[in-house]
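Residue numbers for the sequence shown follow our numbering, beginning at 24 and rising by one. Data first, discussion second: the structure below is written as structure tokens.
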Amino acid sequence: MAAATCPPAYDWAKNSQGMDPCAVASKLINVCDIDIAPLMQIARDTSYPPPTTDTQTICTCSGPVYALVSACADCQYGLFDPWNVWSQHCSHIFETFFLHPPVTIPTWASQFNIYVSPLVFIIKIFNCRLLK
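This is the structure in structure tokens:
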């Protein structure tokens, strides 16, 4: 299975280094020593599994990682869980990614607010789908 990548329609989601959401999410998740890099491709209409009580970390339970993993799934015509499902097994929830990230977090993902932005994020994703 190959590493997940996003098509050109998702160039809006790249970081300043030109990395797509799949690559950025992989780098951020691996800051917490979970060796899943890179995120692998998923089948159409499937999703990445949310963190479990055993796999939840301050990385996977952050708003930016959720936003990036969701965009990575969506750009492959996959599905993504709402924030409340993604974070249900997180012992702590982090609105930001406060560890020193190895890559630049795209502005749209770093500004993701787990209390306000889920609807805005979904609207942006669906607007992008209309452009495909």
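Idealized CB from N, CA, C, for every residue including glycine.
Excluding sequence positions up to five away, which residues of its chain have a Cβ less than 8 Å from the Cβ of residue i?
i	result
residue 65	27, 71, 96, 99, 101
residue 79	112, 113, 114
residue 25	63, 64
residue 110	73, 74, 84, 89, 116, 137
CA-CA distance, residue i and residue j?
i	j	result
residue 82	residue 116	9 Å
residue 36	residue 43	6 Å
residue 39	residue 76	33 Å
residue 63	residue 131	23 Å
residue 91	residue 56	18 Å
residue 61	residue 84	18 Å
residue 127	residue 45	13 Å
residue 129	residue 48	10 Å
residue 29	residue 41	11 Å
Ignore the nearest five residues each way along the sequence and tell me which others in residue i's own chain have a CB closer than 7 Å to its CB.
i	result
residue 108	73
I'd like the list of long-range same chain contacts for residue i, defined as Cβ closer than 6 Å, with 5 residues on each side in sequence excluded.
i	result
residue 69	101
residue 93	103
residue 125	50
residue 67	100
Short check: CB of residue i to CB of residue j, under 8 Å?
i	j	result
residue 105	residue 51	no
Run through the DSSP bridge pairs and tell me what residue i is partnered with.
i	result
residue 85	117
residue 26	63
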